[in-house]
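Under this note's numbering, the residues of the sequence shown are numbered 1476 to 1603, in order. Glycine residues also receive a C-beta, built at the ideal position from the N, C-alpha and C atoms. All values derive from a computational prediction rather than experimental measurement. So the structure is just underneath, and the comments pick up after that.
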Amino acid sequence: MANVLRHLPELEGMELGYIQGLMKNMDDDQASLFAQVYRARRKDAQMILILTLIGFFGFAGLHRFILGQIGLGILYILTVGLCFIGTIVDLVNYKSLAYEYNVKMAHETLAMLSNQYPSPMDGNGGNA
């Protein structure tokens, strides 16, 4: 069982618990590789907050582009953050926006690594 805080010390709250559940059956090498890939792909909640504030005072929807929600980003640009109401809601919910994105990235990272390095427990002896 890999120690999550040793590999990803920047995690906190719900994200820490979630990633800990994903990494519970990994050995140290697998956890280290997962941490490297996940760290590069995840978004920090503080960055989402800053981008949302920039959207509130200037370029609305920037945080949605960063989160991969291109359609909503364009909608926010065209409607000035849905007349600022959408941007205000996003300011309140910035942590959940980051958490949802990071959960998605964790699953994609896990799927990518499991396809690349199949486990010996997958029924075919580790041969893909």
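Same chain only: Cβ atoms within 8 Å of residue i, ignoring 5 sequence neighbours per side
i	result
LEU1588	GLN1505, LEU1508, PHE1509 and VAL1512
PHE1534	ILE1552
LEU1486	VAL1479, LEU1480 and ILE1494
Sequence-distant residues of its chain with Cβ nearer than 6 Å to residue i (five each side left out)
i	result
ASP1597	Unreliable placement is indicated for ASP1597, whose pLDDT of 47 sits below 50; the coordinate value is still reported in the next sentence. Closer than 6 Å at the Cβ level, and outside the excluded window around ASP1597, lies no residue.
GLN1495	VAL1479
Sequence-distant residues of its chain with Cβ nearer than 7 Å to residue i (five each side left out)
i	result
ARG1539	LEU1547, GLY1548 and TYR1551
VAL1578	TYR1493
Assigned exposure category for residue i - 16 Cβ within 10 Å defines buried
i	result
ALA1586	exposed
GLU1490	buried
MET1522	exposed
Beta-carbon gap between residue i and residue j smaller than 8 Å
i	j	result
GLU1537	LEU1526	Per the sequence shown, the amino acid found at residue 1537 is Leu instead of Glu. Result yes, Cβ atoms of LEU1537 and LEU1526 sit closer than 8 Å.
ALA1520	ALA1573	yes
LEU1542	LYS1518	yes
GLY1556	PHE1532	no
Problem set entry | Every unbroken alpha helix (DSSP H) within the region 1494 to 1521, with a cutoff of 4 residues, ordered by chain | 1503 to 1516
Problem set entry | Entirely enclosed alpha helix (DSSP H) segments - the region 1512 to 1596, minimum 4 residues | Taken in chain order, the complete alpha helix (DSSP H) segments of 4 or more residues contained in the region 1512 to 1596 are 1520 to 1532, 1537 to 1541, 1545 to 1553, 1555 to 1558, 1560 to 1567 and 1569 to 1591.
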